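What follows is a set of notes on a single structure, which appears directly below.
Protein chains: 2
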Amino acid sequence: MAHITVSVEYAIHCLLWLAISDDRALSSRDLAEFQGISPTFLAKILPKLEKAGIVGAHEGVRGGYRLARPASQISFLQIVDAIEGEKPLFDCQEVRRRCALYGDCPPKWASGGVCAIHAVMLQAEKAMRASLALQSLGDIAMRFNRIAPAKFFDEIDEWVDERMAIRTGRSGKPEA
Amino acid sequence: MAHITVSVEYAIHCLLWLAISDDRALSSRDLAEFQGISPTFLAKILPKLEKAGIVGAHEGVRGGYRLARPASQISFLQIVDAIEGEKPLFDCQEVRRRCALYGDCPPKWASGGVCAIHAVMLQAEKAMRASLALQSLGDIAMRFNRIAPAKFFDEIDEWVDERMAIRTGRSGKPEA
DNA sequence: ATAACGCGGACTGTATTGATCCCCGTTACG
DNA sequence: CGTAACGGGGATCAATACAGTCCGCGTTAT
Numbered sequence: 014m015a016h017i018t019v020s021v022e023y024a025i026h027c028l029l030w031l032a033i034s035d036d037r038a039l040s041s042r043d044l045a046e047f048q049g050i051s052p053t054f055l056a057k058i059l060p061k062l063e064k065a066g067i068v069g070a071h072e073g074v075r076g077g078y079r080l081a082r083p084a085s086q087i088s089f090l091q092i093v094d095a096i097e098g099e100k101p102l103f104d105c106q107e108v109r110r111r112c113a114l115y116g117d118c119p120p121k122w123a124s125g126g127v128c129a130i131h132a133v134m135l136q137a138e139k140a141m142r143a144s145l146a147l148q149s150l151g152d153i154a155m156r157f158n159r160i161a162p163a164k165f166f167d168e169i170d171e172w173v174d175e176r177m178a179i180r181t182g183r184s185g186k187p188e189a
Numbered sequence: 014m015a016h017i018t019v020s021v022e023y024a025i026h027c028l029l030w031l032a033i034s035d036d037r038a039l040s041s042r043d044l045a046e047f048q049g050i051s052p053t054f055l056a057k058i059l060p061k062l063e064k065a066g067i068v069g070a071h072e073g074v075r076g077g078y079r080l081a082r083p084a085s086q087i088s089f090l091q092i093v094d095a096i097e098g099e100k101p102l103f104d105c106q107e108v109r110r111r112c113a114l115y116g117d118c119p120p121k122w123a124s125g126g127v128c129a130i131h132a133v134m135l136q137a138e139k140a141m142r143a144s145l146a147l148q149s150l151g152d153i154a155m156r157f158n159r160i161a162p163a164k165f166f167d168e169i170d171e172w173v174d175e176r177m178a179i180r181t182g183r184s185g186k187p188e189a
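Shown next as structure tokens:
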């Protein structure tokens, strides 16, 4: 369990596939099966991206998710915040106010402003967030486009087509 | 519960007091009571600082801890690593290899090198660590010396003296 | 010899994370 | 129109990590 959780990892991978499969709505089940991750768990993650305005959701049959804006305008920081809700790197307990010499009410020079230790942590968090803000989903998508062979994108299209045919063409029984 | 835990917070506050009370060995119990934190929990934290070479421990009666080197040579990053053991900001699950199209063995263009998403997180972690490495315990100690009134340092000395008298002068019963 | 120390292991309780299940409202398609 | 595929949200559960406690051991001044 790390500070940036697997929920964020799943979210970014999903967004990457949405960025690559141009403007076709993919359902949470498709995204899960395509990547070998838990469908029910992914179904808890994608609504967070929708509420943050990163993806658009379409309900009902043939519904699914699309990017709400170009991948180049979606930063990693926005994704992390959408999933984890700006959880702080450090949770200051204000130990400085508990010094035995103060008794119950610490003097103002010891309790005013931001704790110096907290300030250091906030600066580190700021550096981390700035780094995440610099990278966009589009950057990663471009990198993927460079290294993946052209044939692979055709395979993706085929897989998605097959998926949609199974879901709606026949009813209920996939590949039985 | 944040990425940088309260153990780190306790550790830094203790180190700050050690830096201020010049070269007098303070016991873990003294440090705990002085700051209003759990003595038993603090007793689990200080040995980590000792194994990391940040403080020196002196066993036996009248024992305690001292800084192992000048406060200006102790960075926040060293303290965090000493307590948390270089725990990563992000734990990559290598989702990229699980794509349904690959079957059991993903192609080398998809599994080689570092995952692009992981690389972004590593860069953010590097930025955070660089920020923590820039700040030293000495910086905070100097800031504290500026804002705390001169009288306060005398009070600290008195408190420590009284403590040591109680522990060794009489036996067992503090202020009874 | 005693009692204050540091050190380490075993243990407990609680919060978070990862994950599952169920039910509801919505929507396309037959 | 009815059915079944969708998204959305709540209840629940297991595993893990964190915060904190307890006990016993070896060491060392007095």
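So the sequence lines, in the order shown, correspond to chains F and V.
In this text, residue positions in the first sequence follow my numbering: the first is 14, and each later residue adds one.
In this text, residue positions in the second sequence follow my numbering: the first is 14, and each later residue adds one.
Each residue gets a CB set at the ideal place from its N, CA and C atoms; glycine is no exception.
Note that the structure is predicted; figures quoted are calculated from it, not measured.
Does the beta carbon of residue i come closer than 8 Å to any beta carbon on chain V?
i, result
"D117 (chain F)", "no"
"F47 (chain F)", "yes"
"A178 (chain F)", "no"
"D104 (chain F)", "yes"
"V133 (chain F)", "yes"
"E22 (chain F)", "yes"
"V173 (chain F)", "no"
"V127 (chain F)", "no"
"A190 (chain F)", "Only positions 14 to 189 of chain F appear in this structure, which leaves residue 190 (chain F) out of reach."
"A15 (chain F)", "yes"
"H26 (chain F)", "yes"
"A70 (chain F)", "no"
"I67 (chain F)", "no"
"R37 (chain F)", "no"
"I153 (chain F)", "yes"
"D170 (chain F)", "no"
"R156 (chain F)", "yes"
Would you list the one or two residues that DSSP bridges to residue i?
i, result
"I33 (chain V)", "Answer is none; I33 (chain V) lacks a bridge partner."
"L39 (chain V)", "V:Y78"
"L17 (chain F)", "It should be noted that the sequence gives Ile, not Leu, for residue 17 (chain F). Answer by DSSP bridge pairing, in chain order: V:F103."
For chain F, find out if any of its Cβ atoms is closer than 8 Å to the Cβ of residue i; answer yes or no.
i, result
"Q91 (chain V)", "no"
"L80 (chain V)", "no"
"G185 (chain V)", "Any reading at G185 (chain V) must be qualified, since the residue scores a pLDDT of 37, below 50, and its modelled position is unreliable; the value itself is stated next. With 8 Å as the cut-off, G185 (chain V) does not count as an interface residue toward chain F."
"L166 (chain V)", "Reading the sequence as shown, one finds Phe at residue 166 (chain V) and not Leu. Closer than 8 Å: no."
"P101 (chain V)", "yes"
"F54 (chain V)", "no"
"L44 (chain V)", "no"
"L145 (chain V)", "yes"
"Q86 (chain V)", "no"
"A137 (chain V)", "yes"
"A163 (chain V)", "no"
"A32 (chain V)", "no"
Applying the criterion that 16 or more other CB atoms from any shown protein chain within 10 Å of the CB defines a buried residue, is residue i buried or exposed?
i, result
"R156 (chain V)", "exposed"
"I130 (chain V)", "buried"
"G98 (chain V)", "exposed"
"H26 (chain F)", "buried"
"G77 (chain F)", "buried"
"Q86 (chain V)", "exposed"
"H71 (chain V)", "exposed"
"A24 (chain F)", "buried"
"R142 (chain F)", "buried"
"A95 (chain F)", "buried"
"S34 (chain F)", "buried"
"V68 (chain F)", "buried"
"V127 (chain F)", "exposed"
"A113 (chain F)", "exposed"
"I160 (chain V)", "exposed"
"D167 (chain F)", "exposed"
"F103 (chain F)", "buried"
Return yes when the C-beta of residue i is under 7 Å from any heavy atom of the ligand SAH, and no when it is not.
i, result
"W172 (chain V)", "By its list of ligands, the structure shown contains no ligand whatsoever, and the ligand SAH lies outside what it can speak to."
_Extract the residue ranges of the beta strand (DSSP E) inside the region 46-90 of chain V, only unbroken runs of 3 or more that lie entirely within it._
You should have 68-71 and 77-80.
_At 4 residues or longer, what runs of the alpha helix (DSSP H) sit wholly inside the region 86-170 of chain F?_
As far as the region 86-170 of chain F is concerned, its whole alpha helix (DSSP H) runs of at least 4 residues are 89-97, 121-124, 129-147 and 150-160.
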